[in-house]
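Just remember that our numbering sits 14 ahead of the position in the sequence shown, which is counted from 1.
The beta-carbon is built from N, C-alpha and C at its ideal position, and this holds for glycine as well.
All values reported here derive from a predicted model rather than from experimental measurement.
Working notes for the structure below.
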Amino acid sequence: MDLTDAQLEELAEIVARRVVELLRDRPTEPQPFIDAAEVARRFGVTRSWVYDHAGPLGAIRLGAGPRARLRFDSGAVALALARADEPMDPSPPWRSPRRRRRPRHGFTASGVPLLPIRGDPPP
């Protein structure tokens, strides 16, 4: 059976409309978040690259510590990688808390000497 170009286009339109109908009626289930190792496996990059580009890839931090686990939405990662022709800024969207320097022994944080306690010699 030979179809003309016009008939093929019409058939393609009919099939496309039917596919859209079927997909529209189907409830979408939320996709579970994936870890850095799974991102690396699915998208063919190294795990360290995923951590270096966690911010642009839409990482979600689980916890507040310096070694908080990261999770990713695979759709957001795919979108970020599709826009990879734009340079990716590897700086994360969060900032690590600055470490406070401990005051020297016998001095306040602003450098004022503390008073001696029970006969301790002054610094």
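Note to self: Applying the 10 Å Cβ sphere with the 16-neighbour rule, what's the burial state of residue 70?
What the structure shows: Residue 70 should be labelled buried.
Note to self: Can you confirm whether the segment 45-63 touches the segment 72-87 when touching is taken to mean that 3 or more C-beta pairs between the two stretches lie within less than 8 Å?
What the structure shows: Enough Cβ pairs lie closer than 8 Å, so yes.
Checklist line | Buried versus exposed call for residue 91 [16 or more other C-beta atoms within 10 Å across all chains shown] | finding: Under this definition residue 91 is a buried residue.
Next item on the list: Could you tell me if residue 67 is buried or exposed, where buried requires 16 or more neighbouring beta carbons within 10 angstroms of its beta carbon?
Entry: The residue in question, residue 67, is buried, as its Cβ has 16 or more Cβ neighbours within 10 Å.
Check: Nearest-angstrom Cα distance between residue 53 and residue 23?
Finding: Looking at the two C-alpha atoms, the distance is approximately 38 Å.
Check: Under a three-way DSSP split, which group does residue 107 fall into?
Finding: Only weak support exists for where residue 107 lies, its pLDDT of 49 falling under 50; the coordinates are left without a value.
Next item on the list: Give the single residue among 78, 72, 124 whose Cα lies nearest to the Cα of residue 94.
Entry: The shortest Cα separation from residue 94 among 78, 72, 124 belongs to 72.
Note to self: Using 8 Å for Cβ pairs, my map puts residue 65 next to residue 50. What's the rounded Cβ distance?
What the structure shows: So it is a contact: roughly 6 Å between Cβ atoms.
Next item on the list: Determine the direct distance from the alpha carbon of residue 31 to that of residue 106, and round the result to whole angstroms.
Entry: Caution applies to residue 106, whose pLDDT of 49 falls short of 50 and renders its modelled position unreliable; the model cannot decide the point.
Check: For residue 57, which of 17, 96, 36 has the nearest alpha-carbon?
Finding: The residue with the shortest Cα to Cα distance from residue 57 is 96.
Note to self: Quick check: what's the CA-CA separation for residue 19 versus residue 29?
What the structure shows: Distance between the alpha carbons of residue 19 and residue 29: 15 Å.
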